[in-house]
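Structure first, then comments.
Protein chains: 2
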Amino acid sequence: MSNVQFKKIALIGIGLIGSSLARVIRERQLAETISVSTRTSETLERAHALELGDSYTTSPAEAVRDADLVIVCVPVGASGRVARDMAAELKPGVIVTDVGSTKKSVIEQMAPALPDNVHFIPGHPIAGTEHSGPDAGFAQLFQGRWCILTPPPGTDEAAIEALSDFWQACGSMVDRMDPDHHDLVLAIVSHLPQLIAYNIVGTADDLETVTKSQVIKYSASGFRDFTRLAASDPTMWRDVCLNNRDAILEMLARFSEDLASLQRAIRWGDGDKLFDLFSRTRHIRKSIIEAGQDVDVPDFGRHVAVTENQPEN
Amino acid sequence: MSNVQFKKIALIGIGLIGSSLARVIRERQLAETISVSTRTSETLERAHALELGDSYTTSPAEAVRDADLVIVCVPVGASGRVARDMAAELKPGVIVTDVGSTKKSVIEQMAPALPDNVHFIPGHPIAGTEHSGPDAGFAQLFQGRWCILTPPPGTDEAAIEALSDFWQACGSMVDRMDPDHHDLVLAIVSHLPQLIAYNIVGTADDLETVTKSQVIKYSASGFRDFTRLAASDPTMWRDVCLNNRDAILEMLARFSEDLASLQRAIRWGDGDKLFDLFSRTRHIRKSIIEAGQDVDVPDFGRHVAVTENQPEN
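For the record, the sequence lines run as chains A and B. Following the numbering used here, the numbering of the first sequence begins with 13 at its first residue and continues without gaps. Following the numbering used here, the numbering of the second sequence begins with 13 at its first residue and continues without gaps.
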């Protein structure tokens, strides 16, 4: 695949996603220059030290000047402010996109602030880790993952194609979707799992009958899987909850309803019902592995890593 | 560490745990002979083909004859039957242990059936993967993991020491605990996470507004983490639910209460409360990694494996 040519890409926000983009853009030569903007001067200095871009500024307006592609990589609650800050300096015909985990709210915040002569194509790469900040990024983050674009009706097809080509050059596969449907899909595949993980870790942390050290020592029996998600960036996830409220509440309600039914089966010793549920969930993992969306090794491949790091007895 | 010497170890049940024990016993020469017993002749044949033992039988009584150590590795609901089946053939002074995920119920099932002249020391290695069956085991499974022993009051100290030495030779660290407390601790670190995972995968599977293919495609955003636990052996987990009911119901009630409070914070847009919860759960993962109970790489180290398996663009 030939490299997508942008003369200048502006990254507004340089956390896990922004800094991963910086690295893959550099590695695959997807732009001549990269400008980096972030809110705090400490993060900006760190980005500079990591040589993530060619120019650095705390001003989004300055960063987007002359850019052909602007990628907003901030917590979704900050999208509106960024759009207003940079609007006046956007060059006509520039593609403006974002990487936010909610789409309806981002569109509501950004669209009114942006001039009519730019191509605004909201986006969401389905990729991440539990780490955050400019040090956490890596060029392979998007490899094999999906990126969802939610262009408003009437968006220039050539611009959508150019942005799709860009994400493909980053290693992603690209889908298009309506923003409402995106928010519903993400509520079940991402936002609900995240909330459940935060919640169970909170419940364990609050127990007075089981000590924290016991939770930690015996976490390999299941609990530790949840702590990964629960170590994610709190600002990002607060903003997701505040900006995808209705879809999240809908999924939470369904989850709780199902959990009440499971609880009842346990209380009444309904072994057949438990066995049925526990059997039918098994095939989904198989499908996910077949689709290339998880690794085909037991325990996420952790045992290999653990064994290598353990002292011999 | 010198090898623990047992002349003959009997493994009753040869699934993930039993077959991992067989492999580590062989590899580290922890017994002169291993007898393998399992309920179905198909599994027995598979164990034979994998050369997991020295003798093979579908009769627990036959397997335990002359054994110095008997390890029962069956779903906890089958413990009582196994104890009754093998009781008459147990040699005086033999150590009888198990690997079940619940301890109070296993003791209630097994203790009455066992003769007084054996050392019954219930146990639980906190180790596993989502795979099951004799092919799923591996010798490193117990390396760096805890094994909890719940010996009844008055148990012979030398026997407890011998069993502790055995588990340490398998790579484990050994703790002792009261069976009631074990069941409470495991309810939060293992049984609740497992049920939550089954439940959320069930909820996603039932949705009529989001297709199964969308759930699979976008699962890398969080959901896939839960599918690993939800791929675990249904029989084992049905039995756990039926055999640790009270502690599980207590933990489910606390989890649901906390979830209702989180739901309310989302409904009312209480960003501070969300931020507080999402921040305080972060440190637990750090402690788990420091305790050597999870790997210190982002995303459980999956990105490395995925990248290596992906075709280049």
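The beta carbon of each residue, even a glycine, is placed where N, CA and C say it ideally should be.
Burial state of residue i (16 or more Cβ within 10 Å)
i        : result
ASN129/B : exposed
GLU39/B  : exposed
ASP306/A : buried
SER47/A  : buried
LYS298/B : exposed
LYS224/A : exposed
GLU324/B : Caution applies to GLU324/B, whose pLDDT of 37 falls short of 50 and renders its modelled position unreliable; the model cannot decide the point.
GLU142/A : buried
ASP237/B : buried
ALA259/A : buried
ARG35/A  : buried
PRO137/A : buried
LYS115/B : buried
LYS19/B  : exposed
SER117/B : buried
GLY105/A : exposed
THR293/B : buried
SER326/B : For chain B, the structure presents residues 13 to 325; residue 326/B sits outside this window and is missing.
THR70/A  : exposed
ALA75/A  : buried
THR221/B : exposed
Under 8 Å from the C-beta of residue i: neighbouring residues of chain B
i        : result
ASP217/A : ARG292, THR293 and ILE296
ARG314/A : ASP306, VAL307, PHE312 and GLY313
TRP179/A : Going along chain B, no residue has its Cβ under 8 Å from TRP179/A, so there is no contact; the nearest lies around 11 Å.
ARG38/A  : Residues of chain B passing the Cβ test: none, with the nearest at roughly 16 Å.
Neighbouring residues, chain A, relative to residue i (Cβ below 9 Å)
i        : result
GLN121/B : Per Cβ cutoff of 9 Å: no residues; GLN121/B is ~15 Å from chain A at best.
GLU54/B  : The contacting residues do not exist; GLU54/B stays about 19 Å from chain A at best.
GLU63/B  : Result: empty, since nearest Cβ-Cβ is about 21 Å, beyond 9 Å.
ALA303/B : SER225, ILE228, LYS229 and SER231
Where residue i falls: helix, strand or coil (DSSP)
i        : result
ILE21/A  : strand
ARG331/A : Summary: the structure shown does not reach residue 331/A, with chain A confined to residues 13 through 325, and so no result is reported for it.
MET189/A : coil
ALA61/B  : helix
ALA123/B : helix
GLU44/A  : strand
ASP311/A : helix
ILE26/A  : coil
Where residue i meets chain A, residues with beta-carbon distance less than 7 Å
i        : result
GLY234/B : VAL201, SER202, PRO205, GLN206 and LEU241
GLU139/B : One detail in the question is off: residue 139/B reads as Ala in this sequence, not Glu. Simply ALA232.
PHE238/B : PRO205
ALA34/B  : Within 7 Å Cβ-Cβ: nothing; ALA34/B doesn't reach chain A, min ~17 Å.
THR221/B : LEU196
Contact check, residue i vs residue j, beta carbons under 8 Å
i        : j        : result
GLY145/B : LEU28/B  : yes
PHE235/B : PRO205/A : yes
VAL82/A  : ILE160/A : no
VAL86/A  : VAL94/A  : yes
ALA43/A  : ILE26/A  : no
THR215/B : ARG266/A : yes
ALA99/B  : PRO127/B : yes
GLY283/A : ARG250/B : yes
ALA242/A : ALA209/A : yes
ILE200/B : THR239/A : no
ARG157/A : ALA79/B  : no
PRO134/A : ASP110/A : yes
GLY149/B : ALA125/B : no
Interface partners of residue i on chain A, CB under 8 Å
i        : result
GLN226/B : VAL197 and VAL201
ILE212/B : LEU204, PRO205, ILE208 and PHE267
ARG250/B : GLY283, LEU286, PHE287 and PHE290
SER299/B : LYS224 and ILE228
LEU126/B : In chain order: nothing, as chain A lies at least about 25 Å away.
ARG157/B : ALA232
Under 9 Å from the C-beta of residue i: neighbouring residues of chain B
i        : result
ILE29/A  : Near ILE29/A there are no residues of chain B at all, since even the closest Cβ is about 12 Å away, more than 9 Å.
GLN275/A : LEU207, ILE260, LEU261, LEU264, ALA265 and SER268
ALA59/A  : Within chain B, no residue comes near ALA59/A; the closest Cβ sits about 19 Å away, beyond 9 Å.
Neighbour list for residue i in chain B, Cβ cutoff strictly below 7 Å
i       : result
CYS6/A  : It is not possible to answer for residue 6/A, since the shown part of chain A is limited to 13 through 325.
ALA99/A : Under the 7 Å cutoff, chain B gives no residues; its nearest Cβ is about 26 Å from ALA99/A.
Chain D contact residues for residue i, given Cβ-Cβ distances below 8 Å
i        : result
GLU142/B : In the displayed structure, chain D is absent; the protein chains listed are A and B.
(Q) List, from N- to C-terminal side, the alpha helix (DSSP H) runs of 4 residues or more that fit wholly inside the region 65-113 of chain A. (A) 72-76 and 91-98
Q. Can you list, in chain order, the stretches of the beta strand (DSSP E) that have 3 or more residues and sit fully within the region 135-179 of chain B?
A. 135-137 and 158-161
Q: Please go through the region 267-296 of chain A and give each complete beta strand (DSSP E) segment of 3 or more residues, from N-terminal end onward.
A: none
Q) For the region 199-234 of chain B, which segments carrying the alpha helix (DSSP H) assignment without a break, of at least 4 residues, lie completely within its bounds, in sequence order? A) 204-218 and 224-229
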